[in-house]
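Heads up: the sequence shown is residues 1 to 292, going by the UniProt record's numbering. Where is the CB? At the ideal position from N, CA and C, for every residue including glycine.
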Amino acid sequence: MAETILVTGATGTVGSELVRALINRGVNTRAAVHSIIKGDRLRHFNPEVQLVEVDYHRPASLPLAFTGVDRVFLLTPFSDQQLIINQQLVDAAKAAGVQQVVRLSAAGADMEPGIQLGRWHRQMEQYLEQSGLSHVILRPTSFMQNFVNYQGQSIREQGAIYLPLGEGRMSYIDAFDIAEVAAAILTDDVAKHHGQAYTLTGPQAVNHTEIAGIIGQATGRPVQYVDVPETAARQAMQGAPQWMVDSMMELNALGKAGHLAGTTPAVEQLTGRPPRSFQEFAQEHRHELMPA
Numbered sequence: 001m002a003e004t005i006l007v008t009g010a011t012g013t014v015g016s017e018l019v020r021a022l023i024n025r026g027v028n029t030r031a032a033v034h035s036i037i038k039g040d041r042l043r044h045f046n047p048e049v050q051l052v053e054v055d056y057h058r059p060a061s062l063p064l065a066f067t068g069v070d071r072v073f074l075l076t077p078f079s080d081q082q083l084i085i086n087q088q089l090v091d092a093a094k095a096a097g098v099q100q101v102v103r104l105s106a107a108g109a110d111m112e113p114g115i116q117l118g119r120w121h122r123q124m125e126q127y128l129e130q131s132g133l134s135h136v137i138l139r140p141t142s143f144m145q146n147f148v149n150y151q152g153q154s155i156r157e158q159g160a161i162y163l164p165l166g167e168g169r170m171s172y173i174d175a176f177d178i179a180e181v182a183a184a185i186l187t188d189d190v191a192k193h194h195g196q197a198y199t200l201t202g203p204q205a206v207n208h209t210e211i212a213g214i215i216g217q218a219t220g221r222p223v224q225y226v227d228v229p230e231t232a233a234r235q236a237m238q239g240a241p242q243w244m245v246d247s248m249m250e251l252n253a254l255g256k257a258g259h260l261a262g263t264t265p266a267v268e269q270l271t272g273r274p275p276r277s278f279q280e281f282a283q284e285h286r287h288e289l290m291p292a
């Protein structure tokens with residue numbers, strides 16, 4: 001009997017790419033979504049994808065989502081409730097007899113003392129590790145897609161990237177590669193990866209002046225990088241919860257200091273091909289970064 005894989009966070013940056021990757025492999029894929037209407041766009045990958053509505057504020061919605069599931073991709077939302085949500089998802093997986101959980105964490109989660117985001121991720125990793133479930137941890141660096149999702153408007157309208165990152169280099173990764181790694185593990189022998197933690201990076205570390213140049217070349221128009229002072233960056237995030245502002249500024253400080261520049265061979269080892277470069281990403285997404 002064919003396995004069924006549940007993807008949580010299925011409409012997000014990584015989740016939607018993973019649904020695509022699993023469908024392309026002919027896997028029975030169940031997508032956990034907040035709204036069936038919102039999740040319906042996933043059906044363009046394959047009309048047979050199963051959609052199941054999950055409300056993290058209603059734990060009673062979880063047992064149905066996990067019923068008949070063999071493996072799970074576990075992605076928790078960026079929320080002040082993420083520790084509780086992670087616990088509920090792990091407990092539901094255990095109760096359903098799931099064979100394997102692949103959890104999306106973050107690079108640096110194992111750093112000591114680390115930053116708050118990393119400490120939260122590590123706590124969530126540890127809860128999974130202590131559950132007794134066969135598990136794999138994926139720790140990707142920041143996503144290349146951030147330049148479409150969060151910087152896209154300023155790139156399109158002003159030809160500018162505004163970030164408080166100085167000339168710090170970062171090894172951004174394409175969400176496509178994260179999904180390909182997750183799909184490879186979720187369709188491989190469970191025992192082969194049990195207990196492993198993989199740090200996933202792009203092929204090279206680039207600074208944001210270089211990124212602006214790469215995007216400019218791909219879109220055929222000048223793009224500049226503007227290094228934003230910390231005070232101005234905090235002001236720009238006014239209205240966001242304080243925990244979120246503080247967490248993002250801690251992460252930015254790590255990037256500015258060059259602590260997020262390391263690369264690993266994990267993507268190529270797990271997928272059999274090198275990770276996508278920022279040049280490849282920019283070419284593929286250039287139309288999303290051009291003026292309307």
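key: Whole beta strand (DSSP E) elements within the stretch 30–99, 3-residue minimum   = DSSP runs (the beta strand (DSSP E)) wholly in the stretch 30–99: 50–53 and 71–74.
request  = State the start and end residues of the unbroken beta strand (DSSP E) segment that holds Asp227.
outcome  = Going by DSSP, Asp227 is part of the beta strand (DSSP E) stretching over Gln224 to Asp227.
query = Mind checking whether Gln153 and Ala218 have CB atoms under 9 Å apart?
reply = At the C-beta level, Gln153 and Ala218 stay beyond 9 Å of one another.
query = Do you know whose CA, among Gln123, Leu22 and Gly262, lies nearest Gln81's CA?
reply = Answer by Cα proximity: Gln123.
query = Which residues bound the beta strand (DSSP E) around His135?
reply = Residues His135 to Pro140.
ask   = How about Arg139 and Val102: do their beta carbons lie closer than 9 Å?
value = Judged by beta-carbon spacing, Val102 lies beyond the 9 Å limit of Arg139, meaning their Cβ atoms are not closer than that value.
task = Assign Ile36 to buried or exposed, taking buried as 16 or more other Cβ atoms, counted over all protein chains shown, within 10 Å of its Cβ.
result = When all chains shown are included, Ile36 counts as exposed.
request  = Identify whether Thr199 lies in helix, strand or coil by the three-state DSSP scheme.
outcome  = For Thr199, the three-state secondary structure derived from DSSP is strand.
ask   = CB residue 324 to CB Ser277, shorter than 9 Å?
value = Nothing in the structure corresponds to residue 324, since the chain is present only between 1 and 292.
query = Does the distance from the CB of Phe78 to the CB of Leu6 come in under 9 Å?
reply = A distance of 9 Å or more separates the beta carbons of Phe78 and Leu6.
inquiry  = Considering only their Cβ atoms, is the gap separating Leu117 from Asn252 smaller than 9 Å?
reply    = No, the pair does not count as a contact, with Cβ atoms beyond the cut-off.
task = Can you check DSSP and say which residues form a bridge with Ile161?
result = Answer is Tyr225.
query = Is any heavy atom of the ligand COA found at a distance shorter than 8 Å from the C-beta of Arg234?
reply = Questions concerning the ligand COA fall outside what the structure shown contains, since it holds no ligand whatsoever.
request  = Under 6 Å Cβ to Cβ from Tyr198, same chain only, skipping five residues before and after it: list those, please.
outcome  = Around Tyr198: Leu138 and Ala266.
key: Three-pair Cβ contact test at 8 Å for the stretch 235–253 versus the stretch 181–189   = The count of Cβ pairs closer than 8 Å, one atom from the stretch 235–253 and one from the stretch 181–189, stays below three, leaving the stretches out of contact.
inquiry  = Here's a check: name, in chain order, each residue in its chain whose Cβ is nearer than 6 Å to the Cβ of Gln224, leaving out the five neighbours to either side.
reply    = Excluding residues up to 5 positions away in sequence, Ala160 and Ala212 lie with their Cβ nearer than 6 Å to the Cβ of Gln224 in the same chain.
query = So, are the CB atoms of Ala205 and Thr263 less than 9 Å apart?
reply = Contact flag set, yes.
request  = Look at Leu18 and Phe73 and say whether their C-beta atoms are less than 9 Å apart.
outcome  = Contact: yes.
ask   = Less than 9 Å separating the beta-carbons of Tyr127 and Gln87?
value = Yes, the Cβ-Cβ distance between Tyr127 and Gln87 is below 9 Å.
request  = Check Val102 in the structure and name its three-state DSSP category.
outcome  = Assignment of Val102 by DSSP, reduced to helix, strand and coil, places it in the strand class.
task = Enumerate in chain order the residues of its own chain whose CB-to-CB distance from Lys38 is below 8 Å, with the five nearest sequence positions on each side excluded.
result = These residues qualify, in order along the chain: Thr11.
inquiry  = Spatial neighbours of Lys256 within its chain, please: C-beta separation below 6 Å, excluding the five flanking residues on both sides.
reply    = Answer for Lys256: Leu165, Gly166 and Gly168, listed in chain order.
Of the residues Ser61, Ser105, Ala60 and Ile23, the one placed nearest Asn46, counting alpha carbons only = Here the closest residue by C-alpha is Ile23.
task = Please say whether Leu186 and Gln130 have beta carbons closer to each other than 9 Å?
result = It is not a contact, given that the beta carbons lie outside the stated cut-off.
request  = Output the distance between the C-alpha atoms of Val14 and Glu157, rounded to the nearest integer angstrom.
outcome  = Rounded to the nearest angstrom, the two C-alpha atoms are 26 Å apart.
message = Within a Cβ cutoff of 8 Å, which residues of the same chain sit near Ile214, ignoring the five residues on either side of it in sequence?
response = So the list reads Val206, Phe278, Gln279 and Ala282, once near-sequence residues are dropped.
task = Leaving aside the five residues before and after Val90 along the sequence, list all residues of the same chain whose C-beta is less than 8 Å from its C-beta, in chain order.
result = Leu74, Val101, Tyr127, Leu128, Ser131 and Leu133, listed in sequence order.
query = Alpha carbon to alpha carbon, what distance is there between Ile85 and Lys94?
reply = Their Cα atoms are separated by approximately 14 Å.
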